[in-house]
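Asker: Numbering (the numbering used here), first residue to last: 369 to 857.
Just so you know, even glycine gets a beta-carbon here, dropped at the ideal spot from N, CA and C.
This is the structure I want to talk about, given as structure tokens.
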């Protein structure tokens with residue numbers, strides 16, 4: 369766990385390094401929308417990352433051991449498999465907040481006094497971290513949930529693997545014990561995150577002396593989301609024109625060709641056809657669950673007294689473990705992943721909403737607006753929602769590949785769709801044993817997930833609150849014409 373957190377922190381630092389450098393040199397106007405590489409990294413399933421690392425680094429190159437748990441060297445590959453996707457997502461969230469911190473008055477004053485850019489960059493990170501700390505607590509528990517598949521691949525006798533075996537065997541006492549351990553871990557992580565946030569912000573929350581990190585900005589035109597969306601749509605459309613169940617045992621594991629651009633799987637089925645037909649199962653569920661999670665997270669985040677204890681409780685059940693609990697009680701089936709992911713997908717969005725709302729209510733312009741007699745409804749509609757909803761909506765888009773990832777992870781564990789369903793997680797699970805012999809059989813659905821992640825992240829950068837147009841726009845006065853001496857008006 370500690371090693372995975374270190375990997376996640378280093379990955380997050382690498383993702384937002386360019387924005388920090390530009391902000392330190394006061395060149396954020398040159399910052400263009402990017403993050404495709406980070407998005408693809410965040411969209412890679414832990415089990416796929418673990419499989420690639422085990423086969424390439426552990427078996428082919430022999431640099432590190434790939435199986436078992438006998439010392440620190442056996443910890444490196446599992447830590448990389450867990451920390452890289454989590455760090456990429458955390459880094460994108462921090463990268464989204466940094467421009468607002470660099471635009472605050474303290475940064476302008478620091479630049480005027482000649483304070484080095486490194487110092488202002490450190491303070492910008494310190495300013496943004498409190499809004500992310502609740503989600504950092506969620507990452508701690510999420511890493512434990514992701515460890516279920518990683519422990520299964522690396523043959524590690526850990527809590528995740530034990531819980532998985534208990535759920536499959538419907539051993540409820542062991543399943544309850546594992547859940548209780550995660551509840552305690554979630555409560556501790558949440559309490560430490562809230563305490564650290566208050567320590568970092570200091571008395572500014574109490575005195576209402578903060579500045580808003582999120583002000584409405586016009587969306588920047590981008591072609592990258594259109595490119596990613598067109599690519600994904602083309603794959604789905606071309607796949608739908610083929611039969612996903614047609615078998616040709618003579619072409620088993622055949623590499624990509626003009627007739628079969630993505631190759632053939634282990635049973636002789638066309639991978640392009642299976643990815644195209646599986647998109648309806650994977651993408652439709654992911655989009656629906658993400659939209660419901662955004663609505664639920666924002667509504668509950670606006671009620672911090674109710675949301676806090678509820679988040680701490682549900683936080684203890686990451687999506688993978690929720691699937692194990694549902695499977696342990698009701699058995700596995702097609703509805704198990706959707707129910708499990710929908711039950712917990714709103715938690716990070718609610719935590720993010722609460723953290724941003726707490727800081728936004730402590731800003732100077734909210735204090736001034738209250739002094740002018742504005743009521744709670746006006747503040748919520750005109751000030752709080754325009755500041756909080758855009759970053760939370762961008763966060764929800766960043767989570768969209770994670771929702772699809774959770775669905776595929778449950779499919780990989782055999783708790784979701786069953787063969788011959790072409791769901792993407794099931795495709796990865798079916799072809800993962802042949803990764804060394806036919807890597808294209810695994811890379812094809814993994815690339816589809818990566819393109820989905822790139823699409824979500826690049827599209828998230830353009831999410832802004834619509835600019836308000838006032839009915840009575842004030843016109844600029846015409847410049848006065850000076851009259852000469854002796855003229856009469």
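Considering only residues of the same chain and omitting the five flanking positions on each side of residue 678, which have a CB-CB separation below 6 angstroms?
Answerer: Cβ neighbours of residue 678 beyond the five flanking positions: none.
Asker: So what does DSSP say about residue 530, is it helix, strand or coil?
Answerer: Looking at residue 530 - three-state DSSP - the assignment turns out to be helix.
Asker: What is the DSSP secondary structure of residue 826, reduced to helix, strand or coil?
Answerer: If DSSP states are grouped into helix, strand and coil, residue 826 belongs with the helices.
Asker: Let me confirm a value: residue 591 is counted as buried when at least 16 other C-beta atoms fall within 10 Å, else exposed. Which label applies?
Answerer: So residue 591 ends up on the exposed side.
Asker: Bridge partners of residue 638, per DSSP?
Answerer: Answer by DSSP bridge pairing, in chain order: 632.
Asker: Here's the rule: buried if 16 or more other CB atoms are within 10 angstroms of the residue's CB, otherwise exposed. What is residue 419?
Answerer: By the 10 Å Cβ count, residue 419 comes out buried.
Asker: Please classify residue 451: does DSSP put it in a helix, a strand, or coil?
Answerer: In the structure shown, residue 451 sits in a helix (DSSP, three-state: H, G or I).
Asker: Does the distance from the CB of residue 794 to the CB of residue 787 come in under 9 angstroms?
Answerer: Yes; because the gap between Cβ atoms is below 9 angstroms, this pair is in contact.
Asker: Over the uninterrupted alpha helix (DSSP H) stretch that includes residue 474, give me the two end residues.
Answerer: Start and end: 473-480.
Asker: For residue 496, which of helix, strand or coil comes out of DSSP?
Answerer: Three-state DSSP puts residue 496 in a helix.
Asker: Suppose you measure from the CA of residue 376 to the CA of residue 739; what does that come to, to the nearest Å?
Answerer: Looking at the two C-alpha atoms, the distance is approximately 43 angstroms.
Asker: Measure the alpha-carbon distance for residue 433 versus residue 483 and round it to whole angstroms.
Answerer: Straight-line Cα distance between these residues: approximately 47 angstroms.
Asker: Nearest CA to the CA of residue 500: which residue from 478, 534, 462 and 519?
Answerer: Closest by alpha carbon: 462.
Asker: Name the two residues that bound the continuous alpha helix (DSSP H) containing residue 596.
Answerer: Start and end: 592-608.
Asker: Residue 391: which of 715, 766 and 464 sits nearest, CA to CA?
Answerer: Nearest option by C-alpha distance: 464.
Asker: Below 8 angstroms on the Cβ atoms is my contact criterion, and I expect residue 476 with residue 654 to pass it. Report the Cβ-Cβ distance as a whole number of Å.
Answerer: No, residue 476 and residue 654 are not in contact; Cβ-Cβ is about 42 angstroms, not under 8 angstroms.
Asker: For my contact list, residue 818 and residue 771 are in at a C-beta cut-off of 8 angstroms; report their separation, rounded to the angstrom.
Answerer: At roughly 15 angstroms, the Cβ-Cβ gap does not stay under 8 angstroms, so residue 818 and residue 771 are not in contact.
Asker: For residue 596, is the classification buried or exposed, using 16 other Cβ atoms within 10 angstroms of its Cβ as the cut-off for buried?
Answerer: Per the 10 Å Cβ criterion, buried.
Asker: In three-state terms, what does DSSP make of residue 436?
Answerer: Three-state result, residue 436: coil.
Asker: Counting C-beta neighbours from all protein chains within 10 Å, is the total for residue 631 16 or more, i.e. buried, or is it exposed?
Answerer: So residue 631 ends up on the buried side.
Asker: Taking the alpha helix (DSSP H) that residue 386 falls in, what are its first and last residues?
Answerer: Looking at the DSSP string, the run of the alpha helix (DSSP H) that includes residue 386 is 385-392.
Asker: If you draw a straight line from the alpha carbon of residue 836 to that of residue 541, how long is it in whole angstroms?
Answerer: Because residue 836 sits at a pLDDT of 49, beneath the cut-off of 50, its placement in the model cannot be relied upon, and the following sentence gives the value as read from the coordinates. Computed Cα separation, rounded: 56 angstroms.
Asker: Under a three-way DSSP split, which group does residue 614 fall into?
Answerer: The answer is coil: DSSP assigns residue 614 none of H, G, I, E or B.
Asker: If you pair each beta-carbon of the stretch 637-647 with each one of the stretch 661-669, do three or more pairs fall below 8 angstroms?
Answerer: Touching, no.
Asker: Please classify residue 428 as buried or exposed, where buried requires at least 16 other C-beta atoms within 10 Å of its C-beta.
Answerer: Residue 428 should be labelled exposed.
Asker: Do you know offhand how far residue 493's Cα is from residue 694's?
Answerer: Each residue's Cα considered, the two are about 39 angstroms apart.
Asker: Using alpha carbons as the reference points, say which of 636, 486, 534 and 758 lies closest to residue 623.
Answerer: Ranking the options by Cα distance to residue 623, first place goes to 636.
Asker: Specify, as a first and last residue, the run of the alpha helix (DSSP H) that residue 793 falls within.
Answerer: Start and end: 792-799.
Asker: Mark residue 626 as exposed unless 16 or more other C-beta atoms lie within 10 angstroms of its C-beta, in which case mark it buried.
Answerer: It is exposed - the Cβ of residue 626 has fewer than 16 other Cβ atoms within 10 Å.
Asker: So what does DSSP say about residue 625, is it helix, strand or coil?
Answerer: Reduced to three states, the DSSP call for residue 625 is coil.
Asker: Just reading off the alpha helix (DSSP H) that residue 746 is part of, what are its end residues?
Answerer: 744-747 is the span of the alpha helix (DSSP H), which, as asked, contains residue 746.
Asker: Counting only the same chain and skipping the five closest in sequence on each side, list residues whose C-beta sits under 7 angstroms from that of residue 691.
Answerer: Correct list, in chain order: 704, 705, 708, 778 and 783.
Asker: Count the other CB atoms within 10 Å of the CB of residue 605; is the residue buried (16 or more) or exposed (fewer)?
Answerer: Label assigned to residue 605: exposed.
Asker: Just to confirm, are residue 426 and residue 445 a CB contact at a threshold of 9 angstroms?
Answerer: Result yes, Cβ atoms of residue 426 and residue 445 sit closer than 9 angstroms.
Asker: Output needed for residue 737: all residues of its chain with C-beta closer than 7 angstroms, excluding positions within five of it in sequence on either side, in chain order.
Answerer: Around residue 737: 747 and 751.
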